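Chemist: By the UniProt record's numbering, the letter at position 144 of the sequence shown is numbered 144, and the numbering carries on one by one without gaps. Each residue gets a CB set at the ideal place from its N, CA and C atoms; glycine is no exception. Here the structure is a predicted model, which is why all the values come from computation and not from measurement.
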Amino acid sequence: MVCLGNICRSPMADGLLRKKVADNNLDVVVDSAGTGDWHVGDQPDPRMMETGRKNGVPIDELRGRQFKVTDFDEFDRIIVMDKSNFENVTKLSRDENDTKKVELFLNLTHPRKDLEVPDPYFGGDEGFQDVFKMLDAGTDVLIEELKNNG
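1) Are the stretch 14-23 and the stretch 84-96 touching by the rule of at least three beta carbon pairs closer than 8 angstroms?
2) In whole angstroms, what separates the C-alpha of D130 from that of D73?
3) Can you check whether the CB of V2 is closer than 7 angstroms to the CB of E85?
4) Return the first residue and the last residue of the beta strand (DSSP E) that I78 is part of.
5) Which whole-angstrom value is the C-beta distance of D125 and R47, which I expect to be below 8 angstroms?
6) Whole angstroms is fine: what's the gap from V69's alpha carbon to T90's?
7) For N6, which residues in the same chain have their Cβ closer than 7 angstroms to its Cβ, ignoring the five residues on either side in sequence?
8) How should F122 be labelled, buried or exposed, when 16 other C-beta atoms within 10 angstroms of its C-beta is the threshold for buried?
9) Considering only the alpha carbon of each residue, which of K147, N149, F128 lies closest to E50?
10) Out of curiosity, what's the CA-to-CA distance linking V30 and L142?
11) So the candidates are F67, F105, D27; which of them puts its Cα closest to the Cα of P118?
12) Using the Cα positions of D114 and V80, report the straight-line distance between them to the nearest angstrom.
13) Taking the straight line between their C-alpha atoms, what separation do you get for F75 and G56?
14) Which of the three DSSP states is assigned to G127 in this structure?
Right, dumping it as structure tokens:
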């Protein structure tokens, strides 16, 4: 899961997917990263941590990290939150196989629409809950894909 700073959208998607992977006893490695380096080592945004706690998905233990080229080797899918993240990640791809791994998160729930998960950072608290709902729905789709495709 990749967003800009790895403190709002991607850690929540990470936390949701980790919880659902555990609940379904799947053998899947989940991680998140940001395309920027501003929040490396930082906890998620306090508003997103609160949103997670309110919804039963604590993410307080997660720490920000920056996306790196070797993530293409370590992960089968790289799911980004918006078109800017898509562009930043695909610029780091070494070949077509790397590029094929990158996909927009909302294409899980809205196939081929190329919609973006809005960044709630500069908005009000309701934006965090709205993003949570989008990420919850998308990770449900992802879990079904993982269960069906092994």
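Modeler: On the basis of the data shown:
1) no
2) 32 angstroms
3) What sits at residue 85 in the sequence shown is Asn, not Glu. Contact: yes.
4) 78-80
5) 6 angstroms
6) 10 angstroms
7) S32, A33, G34, H39, G64, R65
8) exposed
9) F128
10) 12 angstroms
11) F105
12) 11 angstroms
13) 26 angstroms
14) helix
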